[in-house]
Every structure is written in structure tokens, then in C-alpha cells.
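Take numbering that gives the first Met the number 0: the final residue in the sequence shown is number 345, and no numbers are missing along the way.
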Amino acid sequence: MKKTDFDFELPPELIAQAPLAERSASRLLLLDVTAQSRQDRMFRELPTFLRPGDLLVFNDTRVLPARLHGRKATGGEVEILIERVTGAHEATVQLRVSKKPKEGSLIELADGSHATVLGRDESFFRLRFESPEPLERLLLKLGEMPLPPYIERHADASDLERYQTVYAREPGAVAAPTAGLHFDEALLAELRAMGVEFGYVTLHVGAGTFQPIRVDDIKDHQMHREWLNVGAGLIDQIRRTRAAGGRVIAVGTTAVRALESATVEGTLRPFAGETQIFIFPGYRFSSIDGLITNFHLPQSTLLMLVSALAGREYILDAYRHAVEQRYRFFSYGDAMLILPSDAKSQ
């Protein structure tokens, strides 16, 4: 398959530049794959489509304020975007700078501390932050929330809360698992009261999630690395859910990638480590029965994952419908719910 097989026309004005006033006020496109049907609904109606005993699997990663500003020794400005924290004082980063720095050069940060360029890692740089405090604490002091490149404004104070899920607890991501941004405490309480179960994985989303595919044949694409943890407790929850006839519904593509990375020959097993899993049409899922997800970039690996689950033509037709109906796209945009053929509205 070619990356152009996953293209669609998107008017720029449909790219959401800011969140809605209320998290659960987003729209929801309900997709029934078997019936090849769809419904335009609201996200706060989600309990209508779930049943007692269903299990929602959330990604509980917490976004770090991962964008820093500094200067080279020559005085040139440098923007640092953390890709992955690799140690207490080290990280793989993207650099926005007029001339790429050499190994051993220093970047001065706003507090007077320095970062040393250790070398390259493909298109990224490796930095060591010469500060007595751990990198995560330094980011909390100096960093900005790393809004995606298609949001054409600087992060402000409101993004510290809204570009973060309400259940985030494990710091390490530099991009939000955006399907979870639609859940507020009231909606979670309603779902819990009706008997929907909650489970959690951790996958620290990297900035590489926004990197474009640079090869024509998608089978030649190599995914960026991300760290994840799928615990034994969640696997027990999934087994109990399935045994009782419930459905396992992933909240976001990152939850899917975590679960499928922990699956060996169709069996989920505890796993903590890195993944470079790339899911595209032809892939056979074994860990989930449904998916809540946002609308994704044209020609992106995330659009390919969703197409693998529901079918490329069906998904692209749903995207055309979403454009026609003026849905809001990408991180701060609206959502879709992909359920098996027994999804019923009430």
C-alpha cells in the first residue's frame, strides 16, 4: 500500500486550535463496521453505547511541559522539543535552530544551566542537561506544553490542564493521548455507576507521533520508539471481561498499540519496554473489541491503524462525512467510536 492511499481533503479551518469549554461537549461519530453505517452523536452520549461489564482501557501517561528555549554559544536561538526522556538528565530531542549544533556544543537554558549535545540519533539529537535537578523537575520549571505542530498558537496557561487527561498519573509523554481528553470527571462517574470497568496501560507518547511517513510504500516505514507498560492486573481484568461477555474498548490508538505490543501469538502478557509496532491494513487485532479515537492526520500512521481496524474505504468515507458535517479535527477536535456490529443506539 502507498501512503497516498490514506489521503483526504481537509479544510484548514476544521483543524481545532483550542479545546471546547467542556471536555465532553465534543461531537462523536459512531461507526458500525459490519452494517457500514454511522451516526452523528455527542460525546457525552457515550454511556448510551456501552454496557455494564464493558472495559475501557485508558492510557494514563502524563504529558510533560516538554518544549524549552535556549541559546547557542554564538547567541543563536534554539527551540528544544523533548522526544523521549532517556535518563534522569538525558533526553532525545528535536532541535529547531538555524544551524545544527556539533557534538560537545552547549545550549544555555533560561535559568542559566546548560545542555550538552551528545550526538545524533537519526533525525533527533541526544542531550545531557547539566543541572543538579532531574530533567522532569527542570521541565516543570522551564518548559511549555508541547502543543502539536498544526496548532498555530503558543501554549497558554489553560493548556497545562486541557492538554492533559483528567486521569493522567505517569509522567513521561510529550504528546497527549488525545482520545482521553474528552472524558471529564462527571462522565467517568456516570460510566462507573452503570457498571463500566476501567483499566489502564501506560504508553509515553513521543513527538515522533507527528513525524510524516517519508517513504511511498508504507511497508518500508520504520516507527519511532515509545516506552510502554501493560501490567498483570490489567490482563486479569481483560480476561474477566471477556469471560463475562463484556467488550474491551481501547481509549485511543496509544492504548491499542500498547495492548497489541504486549500480545504474543494472540495472548496478552505483562510487558514493560519499548515498542515500534506499526499497524496498517492487513493486521489482525486480538486485544480489543472497539476503539474511541480522534480524527487523524492525512497519510499518518494513526489513520492507517484505524483503517486496519475498520477498513480503509469505510474510514475514508467516514472522514469525508466528518468534513461535510464540519467536525473538528485532530488533538483538540471531535471523536469517533468504532464498535462491533451489535452497537445499538437507545
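In this text, a Cβ means the ideal position worked out from N, Cα and C, and glycines have one as well.
If you're wondering where the values come from, they're calculated on a predicted model, not measured in any experiment.
Could you give the first and the last residue of the continuous alpha helix (DSSP H) run that contains residue i?
i           : result
residue 19  : Taken as a continuous stretch (DSSP letters only), residue 19 belongs to no alpha helix (DSSP H), as it is neither H nor E.
residue 240 : 231-242
Is it the case that the Cβ atoms of residue i and residue j are separated by a distance below 8 Å?
i           : j           : result
residue 92  : residue 107 : no
residue 52  : residue 194 : yes
residue 293 : residue 200 : no
residue 6   : residue 297 : yes
residue 88  : residue 133 : yes
residue 95  : residue 143 : no
residue 174 : residue 145 : yes
residue 248 : residue 290 : yes
residue 180 : residue 164 : yes
residue 255 : residue 287 : yes
residue 14  : residue 209 : no
residue 277 : residue 300 : yes
residue 68  : residue 109 : yes
residue 205 : residue 225 : yes
residue 304 : residue 257 : no
residue 170 : residue 70  : no
residue 222 : residue 28  : no
residue 129 : residue 112 : yes
For chain C, is any of its Cβ atoms less than 8 Å away from the one on residue i?
i           : result
residue 313 : In summary, chain C is missing from the structure at hand, where a single protein chain is found.
Tell me the DSSP bridge mates of residue i?
i           : result
residue 14  : 328
residue 249 : 56 and 290
residue 335 : 28 and 292
residue 40  : 27
residue 263 : 266
residue 258 : Answer is none; residue 258 lacks a bridge partner.
residue 225 : 274
residue 216 : 1
Taking its Cβ as the centre, do 16 or more other Cβ atoms sit within 10 Å of residue i, making it buried, or is it exposed?
i           : result
residue 119 : exposed
residue 399 : A query on residue 399 cannot be resolved here, the shown segment of the chain reaching from 0 to 345 and no further.
residue 18  : buried
residue 275 : exposed
residue 139 : exposed
residue 259 : buried
residue 1   : exposed
residue 148 : exposed
residue 12  : exposed
residue 156 : exposed
residue 236 : buried
residue 327 : buried
residue 307 : buried
residue 246 : buried
residue 41  : exposed
residue 267 : buried
residue 207 : buried
Taking the beta strand (DSSP E) that residue i belongs to, which residues open and close that run?
i           : result
residue 96  : 89-96
residue 180 : Element bounds for residue 180: n/a, residue is neither H nor E.
residue 7   : That residue, residue 7, is in no beta strand (DSSP E); it is neither H nor E in DSSP.
residue 197 : 196-202
residue 106 : 105-108
Requested in this report: Ignoring anything shorter than 4 residues or poking outside the segment 266-327, list the alpha helix (DSSP H) runs there in chain order.
Outcome: 300-309 and 311-323
**Report entry** Contained alpha helix (DSSP H) runs [length at least 4] in the segment 110-177, N- to C-terminal order
**Finding:** 134-141 and 158-161
Query raised in the report: Taking the runs of the beta strand (DSSP E) that are 3 residues or longer, which of them lie wholly in the segment 46-87?
Result: 54-58, 60-62, 66-71 and 76-84
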